[in-house]
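Taking numbering that gives the first Met the number 0, the leading residue of the sequence shown gets 0, the next gets one more, and so forth.
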Amino acid sequence: MEASTGLFAGTPNSKELVAIQGPDEPKPVKNLDGQLCEICGDSVGLTVEGDLFVACEECGFPVCRPCYEYERREGTQVCPQCHTRYKRIKGSPRVEGDEDEDDVDDIEHEFKNEQVQKGHMIHGDDNGNSKSGLAKVNGELLSTSVGEPGAKLDDKENIDEWMLRQGNLWPETDSSVDHEKAMKEPLSRKVAIPSGKLSPYRMMVVARFLLLLLFIQYRIFHPVPDAVGLWFISVTCEIWLALSWLIDQIPKWFPIDRETYLDRLSIRFEQENKPNMLSPIDIIVTTVDPIKEPPLVTANTVLSILALDYPADKISCYVSDDGASMLTFEALQETAEFSRKWVPFCKKFSIEPRAPEKYFSEKIDFLKDKLQSTYVKERRTMKREYEEFKVRINALVAKSMRVPPEGWTMKDETPWPGNNSKDHPSMIQVLLPHNVGNELPCLVYTSREKRPAFQHHGKAGAINALLRVSAVLSNAPFVLNLDCNHYVNNSKVVREAMCFFMDIQLGNGIGFVQFPLRFDSLDRNDRYANKNTVLFDINLRCLDGIQGPVYVGSACIFRRKCLTGCDSPMSSKRPSMVQVHSKQDENGEEASITAATDEEKELLKSQTDDENKFRKSTLSMNSSLTEQGGVDPSSSQEVLLKEAIHVMSSKYEDRTLWGYEEGLSYGSIAADTLTSLKMHSHGWRSVYCMPKRDPFRGTAPINLTDRLNQVLRWAVGSLQILFSRHCPLLYGFNGGKLKGLQRIAYINSTVDPFSSIPLLIYCIIPAICLLTDKFITPSVGTFASLIFISLFISIFASAILELRWSGVSLEEWWRSQQFWVIGSVSANLFAVVQGIMGALPLGRVNTNFSIVSKAPDDGEFRELYTIRWTALLIPPTTIIIINLIGIVAGFTDSINSGGSSWGALLGKLFFSLWVIVHLYPFLKGLMGRQNRTPTLIVIWSVLLASIFSLVWVRVDPFVLKTKGPDAKQCGISC
Numbered sequence: 000m001e002a003s004t005g006l007f008a009g010t011p012n013s014k015e016l017v018a019i020q021g022p023d024e025p026k027p028v029k030n031l032d033g034q035l036c037e038i039c040g041d042s043v044g045l046t047v048e049g050d051l052f053v054a055c056e057e058c059g060f061p062v063c064r065p066c067y068e069y070e071r072r073e074g075t076q077v078c079p080q081c082h083t084r085y086k087r088i089k090g091s092p093r094v095e096g097d098e099d100e101d102d103v104d105d106i107e108h109e110f111k112n113e114q115v116q117k118g119h120m121i122h123g124d125d126n127g128n129s130k131s132g133l134a135k136v137n138g139e140l141l142s143t144s145v146g147e148p149g150a151k152l153d154d155k156e157n158i159d160e161w162m163l164r165q166g167n168l169w170p171e172t173d174s175s176v177d178h179e180k181a182m183k184e185p186l187s188r189k190v191a192i193p194s195g196k197l198s199p200y201r202m203m204v205v206a207r208f209l210l211l212l213l214f215i216q217y218r219i220f221h222p223v224p225d226a227v228g229l230w231f232i233s234v235t236c237e238i239w240l241a242l243s244w245l246i247d248q249i250p251k252w253f254p255i256d257r258e259t260y261l262d263r264l265s266i267r268f269e270q271e272n273k274p275n276m277l278s279p280i281d282i283i284v285t286t287v288d289p290i291k292e293p294p295l296v297t298a299n300t301v302l303s304i305l306a307l308d309y310p311a312d313k314i315s316c317y318v319s320d321d322g323a324s325m326l327t328f329e330a331l332q333e334t335a336e337f338s339r340k341w342v343p344f345c346k347k348f349s350i351e352p353r354a355p356e357k358y359f360s361e362k363i364d365f366l367k368d369k370l371q372s373t374y375v376k377e378r379r380t381m382k383r384e385y386e387e388f389k390v391r392i393n394a395l396v397a398k399s400m401r402v403p404p405e406g407w408t409m410k411d412e413t414p415w416p417g418n419n420s421k422d423h424p425s426m427i428q429v430l431l432p433h434n435v436g437n438e439l440p441c442l443v444y445t446s447r448e449k450r451p452a453f454q455h456h457g458k459a460g461a462i463n464a465l466l467r468v469s470a471v472l473s474n475a476p477f478v479l480n481l482d483c484n485h486y487v488n489n490s491k492v493v494r495e496a497m498c499f500f501m502d503i504q505l506g507n508g509i510g511f512v513q514f515p516l517r518f519d520s521l522d523r524n525d526r527y528a529n530k531n532t533v534l535f536d537i538n539l540r541c542l543d544g545i546q547g548p549v550y551v552g553s554a555c556i557f558r559r560k561c562l563t564g565c566d567s568p569m570s571s572k573r574p575s576m577v578q579v580h581s582k583q584d585e586n587g588e589e590a591s592i593t594a595a596t597d598e599e600k601e602l603l604k605s606q607t608d609d610e611n612k613f614r615k616s617t618l619s620m621n622s623s624l625t626e627q628g629g630v631d632p633s634s635s636q637e638v639l640l641k642e643a644i645h646v647m648s649s650k651y652e653d654r655t656l657w658g659y660e661e662g663l664s665y666g667s668i669a670a671d672t673l674t675s676l677k678m679h680s681h682g683w684r685s686v687y688c689m690p691k692r693d694p695f696r697g698t699a700p701i702n703l704t705d706r707l708n709q710v711l712r713w714a715v716g717s718l719q720i721l722f723s724r725h726c727p728l729l730y731g732f733n734g735g736k737l738k739g740l741q742r743i744a745y746i747n748s749t750v751d752p753f754s755s756i757p758l759l760i761y762c763i764i765p766a767i768c769l770l771t772d773k774f775i776t777p778s779v780g781t782f783a784s785l786i787f788i789s790l791f792i793s794i795f796a797s798a799i800l801e802l803r804w805s806g807v808s809l810e811e812w813w814r815s816q817q818f819w820v821i822g823s824v825s826a827n828l829f830a831v832v833q834g835i836m837g838a839l840p841l842g843r844v845n846t847n848f849s850i851v852s853k854a855p856d857d858g859e860f861r862e863l864y865t866i867r868w869t870a871l872l873i874p875p876t877t878i879i880i881i882n883l884i885g886i887v888a889g890f891t892d893s894i895n896s897g898g899s900s901w902g903a904l905l906g907k908l909f910f911s912l913w914v915i916v917h918l919y920p921f922l923k924g925l926m927g928r929q930n931r932t933p934t935l936i937v938i939w940s941v942l943l944a945s946i947f948s949l950v951w952v953r954v955d956p957f958v959l960k961t962k963g964p965d966a967k968q969c970g971i972s973c
């Protein structure tokens, strides 16, 4: 597509568009003669005494004073060659860590430079312990430090490890590689979890299940006569939680890992002197509110996409501004201009990550193995350019805070079409076009039409609009979906996905590839389990061994054909029921939905079916029929832009299958889960790809209120699926393409919010036992005690063995367990109420999608300690207070009753403390900042003070005790 001359807006009724607005080879390393800096190429210079400047006294690696001071101030403070920490030299400013060194300013004991030869290893002592040296890899010098005896730098493992640190996840293919063999070998393979790790875990799960059966059998047949009601409720809760654990555990039986071969992909599709055969890809980025989703965050995401290690002419990036904000539009214009400098810099030096904010903020050893003489100079220049870019973006943000009464106007005094964010036409502008010889990918700004009379379906509707626009303008066969706050951390992530999609043997049946998400700016202890490591490192890996992971809403690459509602190539039968989306009235209430049986659908003409899917967009229909993607080269830019405006209109989806069989699914806040359920029901497989380097990173809400609201949305969306016709208990049985274990996993995700009710009751029962002096079990014997102890041991053992094969740390698992309890008794509980009310005819509740703040904190975790009161905080707070009162009351009763009741008290205290320990992060969040009194000290101070006061009153040592008559002897009722 040719260059666009400005921003275009329009509506389908309009017959015309309205114009709104108008590599260098690395330089070889110089000889180590001690006179020139091996980093920047300048003269090394002299010290204040007039001697030759020597930065490193250990190896004498020639570095000039500016590079030496820059490395000490902003780098890792170590020598690029021998990795010894730089000492402070006389005349240089002190930095952190200098106080630990001897204050030596002279260089009288200067180390004599060892003779270094290019491409050879320098061996150390006579014992065979090799020391640091230089080796030549792919024509470039690199430094290593090998500590094992007899190690050689030219070993393939050492070279591969060095290239991995550089961001190249595979070594360059040697000339001796058998190309014919590589052309036939698969591009990926499954890697089984070692049986030594997985088998003990499975055995412990089976043992835990058997002990759980014995425990429930004992609880059922041993009621408590004086507390039948309490016993019955507790047993019911235990049975529900046991079934919930079993349903959650069944899909975890077949975890797998995957391995990709990027070198084979390159050999097969990037042959020399031949056209690049890698498949094109369209990348969709969605944003709504520039206040909660700052433009600088979106800009970093876009820049990391434009700098992908992938052919630039095969990447098209589409940004959806669903808030029609001129701030976002102008910020993207600035981003497009800055990318002309940033993208070549990234590709020239192969830096990672390629989001500039993250790259310049990391304290990385940017001098390590970067021996090009121009690198440091260009990095400093690029950092200045980025700081100026940030200043321009921040100026736009400051200007946007003062909205003019007449609305925003553009630079040419044209009114901004999106002044009313809820009623505006479609807008589109090609900021970076695809031109011959252009090193930059295509970048397109879009904002779909919004009209009050139509339902726009939030994020799912915005993605569907971009799917249609991208199909018209570029029509790549694969689509990557990203949130605006999830930047690309691994520039080869698209190549990783193509190893699955472009595999001749297995690729045709793969519908999408899901990547894990990692998060920055989290507090040190991850108080509210924002990392979601149990989901990304355990659950999704287990689903990958069945039919594939679910779509999590971002960091996912789809096959476009999979989004058109068609079946997997393995079969061609469609579901028996088809919904047709009808127009929405002004109140946003859904009108009737027509249903058609298979027999009636077979009578429909293919032309009618195409019209239901695509309206009357010829380009959209043609794009859906092309397997390899691409648009008609004879179509002019004006025709393409008019068609893009048309497919973004509000009424385009009226009476079509969009949102029901086409694109992302409507009908639930959890559109990602519903969409993946439909894809798996059509027979498609999904793949979970976990590269060694994190593929995507982003920000997560660290505020307690935002985190609970996030869990609330997920839970409400799950219940909406459960109460719809897509309930996984029944949906997709006719086709028989959804595997049984995969169905159980979907059932578990939709019914999991209901576990909040028994869990809430079970958290209150310990306090009731302490207050009423009752207990949920009778006096236990030896056999019962053995069952209880064995069950607790099996719970901890199965958890530890699960962490062993998954690689999740114990702290991360424990944080996940704690927040599972917190989220269940708060957000999930409210979601159940909303879900039940929403399922009733007169109980509709507002479940609109809300945006969570994704702005990075100005201060260190400032947002972590901010408490915005909400009703979600009431249940956990109530549980904590009730249990604290119960503990005090239990001690009081035991003191008054004498020593005979202390044994029973310990059992009750155990359960109460279990509840408080799980809710501890919530309680800590309520207490405020870290620099105040630690929460644990406050809790124990209150408890101990209360207990000590009660004991003091009971003993009362300052009151004289007088002996009276013995009531048992005299028989007098005293």
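Idealized CB from N, CA, C, for every residue including glycine.
Rounded separation between residue i and residue j - CA only
i      : j      : result
Gly739 : Met501 : 28 Å
Thr781 : Pro254 : 38 Å
Lys340 : Met381 : 8 Å
Ala670 : Ile873 : 29 Å
Trp252 : Arg803 : 15 Å
Val402 : Asn393 : 16 Å
Asp857 : Ser893 : Because Asp857 sits at a pLDDT of 47, beneath the cut-off of 50, its placement in the model cannot be relied upon, and the point is left open.
Ser649 : Val820 : 42 Å
Val204 : Leu562 : 38 Å
Leu277 : Ala714 : 39 Å
Met325 : Phe921 : 39 Å
Val227 : Asp543 : 45 Å
Tyr550 : Pro250 : 16 Å
N-terminal and C-terminal residue of the alpha helix (DSSP H) that residue i is part of
i      : result
Thr876 : 873-896
Asp705 : 703-721
Met678 : 670-680
Val820 : 809-822
Ser633 : Per DSSP, Ser633 belongs to no alpha helix (DSSP H) and is neither H nor E.
Nearest-angstrom Cβ-Cβ length linking residue i and residue j, presumed shorter than 8 Å
i      : j      : result
Gly658 : Ser664 : 6 Å
Gly547 : Arg684 : 5 Å
For residue i, the first and last residue of its enclosing beta strand (DSSP E)
i      : result
Cys565 : Cys565 -> no beta strand (DSSP E), and no H or E assigned at all.
Tyr651 : Here Tyr651 belongs to no beta strand (DSSP E), and DSSP marks it neither H nor E.
Lys189 : 187-191
Leu210 : First-last for Leu210: 194-220, but that is the alpha helix (DSSP H), not the beta strand (DSSP E).
Ser778 : Careful: Ser778 lies outside any beta strand (DSSP E) and carries neither H nor E.
Ile441 : Strictly speaking, residue 441 in this sequence is Cys, with Ile absent from that position. Here the beta strand (DSSP E) through Cys441 covers 441-446.
Short CB-CB distance (under 8 Å) between residue i and chain C
i      : result
Val390 : Absent from the structure: chain C. Only one protein chain is present.
Check: residue i C-beta below 7 Å from any heavy atom of the ligand ZN
i      : result
Leu676 : This structure simply doesn't include the ligand ZN, nor any ligand for that matter.
Quick check on the DSSP output: what are the complete beta strand (DSSP E) runs of length 3 or more inside the stretch 458-526, in order along the chain? 477-482, 485-487, 509-513, 516-519
Could you give the uninterrupted runs of the alpha helix (DSSP H) lying entirely in the stretch 32-84, keeping only those of 4 residues or more? 64-73
Indicate whether the contact test is met: 3 or more Cβ pairs, each with one atom in the stretch 460-479 and one in the stretch 628-642, closer than 8 Å. yes
Is it the case that the stretch 707-714 contacts the stretch 820-831, given that we only count it when at least three CB pairs across the two stretches are under 8 Å? yes
Where in the stretch 336-411 do unbroken runs of the alpha helix (DSSP H), each at least 4 residues long, occur, reported from the N-terminal end onward? 355-360, 374-399
Is there contact between the stretch 407-414 and the stretch 425-434, where contact requires at least three CB pairs shorter than 8 Å? no
Taking three-plus beta-carbon pairs below 8 Å as touching, is the stretch 522-541 in contact with the stretch 236-243? no
Length at least 4, wholly inside the stretch 248-331: the alpha helix (DSSP H) runs in chain order: 261-268, 294-305
Does the stretch 719-728 come into contact with the stretch 883-891, if we say contact requires no fewer than three beta-carbon pairs (one atom in each stretch) closer than 8 Å? no
Are three or more beta carbon pairs between the stretch 498-517 and the stretch 321-335 nearer than 8 Å? no
Per the contact definition of three or more C-beta pairs closer than 8 Å, is the stretch 279-297 in contact with the stretch 215-233? no
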